[in-house]
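Numbering (the numbering used here), first residue to last: 5 to 285.
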């Protein structure tokens, strides 16, 4: 079958646009990676060039435990926040999504719409009220306070994704389990929850990336305390080494490498996890 000319031109334009967007997105990543292995003079001389002859690991070794940014401590603390947040958000949102997906009338429908309204509110808008609440309950400048904020922040999005996915799972599975004597909790954890794997993987990926990259929230919650995440640690270190670009790029390398590895490892789940619940089976 011959490809029509009117189909070729839109395809060329689409792919050209995707190439431009990909290039713009990858250039900062490329600059941060290659300059982490350069001496400062080489960065100024040719920031875009690949360090073939003057490749060095001195920047990474010197900045592994910078005065204001301990890489190991930042990694452990940030991963702790990510893991605790993921466990609580997934557990609470999945059970709530199951209830909402099986009850779409009356009170449950109104509750679902109000919950989704939270997706329209940027986190920056509610930071001041949140700070006042955390001060009142004594959780300001603490990790539990930040986790509590993350749970509230991620709950609308997570519930939206999981509710939509659970809606594609036939309620007949619930009925069959009830006939066998299973209760609501057993039905959810033994039948529904395992079937939610694609949607859960997508949620886990997005929450991990958002939490790891978040700067403003931990910066405001922790302030100048001893706690710092990867992003706020970078801010501390770069604030001291503003003119030392070899140190800056080395610290940025430590910050973006874990996410890059996770993306390469889990990239196949990005699309499959989001689209698997878009079509009813």
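From the three backbone atoms N, C-alpha and C, an ideal C-beta is built for every residue, glycine too.
- The Cβ atoms of residue 11 and residue 249 do not sit closer than 7 Å to each other.
- Going by beta carbons, residue 40 and residue 72 fall outside the 7 Å limit.
- Collapsing the DSSP output to three states places residue 63 in a helix.
- Your pair residue 123 and residue 135 does not check out as a contact, with CB atoms roughly 22 Å apart and the cut at 8 Å.
- Linking residue 46 to residue 236 through their CA atoms gives a straight-line distance of about 28 Å.
- A direct Cα-to-Cα measurement between residue 204 and residue 50 gives close to 44 Å.
- A direct Cα-to-Cα measurement between residue 37 and residue 126 gives close to 31 Å.
- Sequence-distant partners of residue 118 (beyond 5 residues in either direction) whose C-beta falls short of 6 Å from its own C-beta are missing from its chain.
- Under the 8 Å Cβ criterion, the segment 256-266 does not count as touching the segment 89-100, having fewer than three qualifying pairs.
- Here residue 219 carries a coil assignment [DSSP, helix/strand/coil].
- Note on the segment 9-56: there is no whole beta strand (DSSP E) run with a minimum of 3 residues.
- Contact between residue 85 and residue 147 holds, with the beta-carbon distance rounding to 7 Å and staying under 8 Å.
- In this model, residue 268 and residue 20 are separated by some 24 Å (Cα to Cα).
- Taking the C-beta atoms as reference points, residue 149 is found nearer than 7 Å to residue 225.
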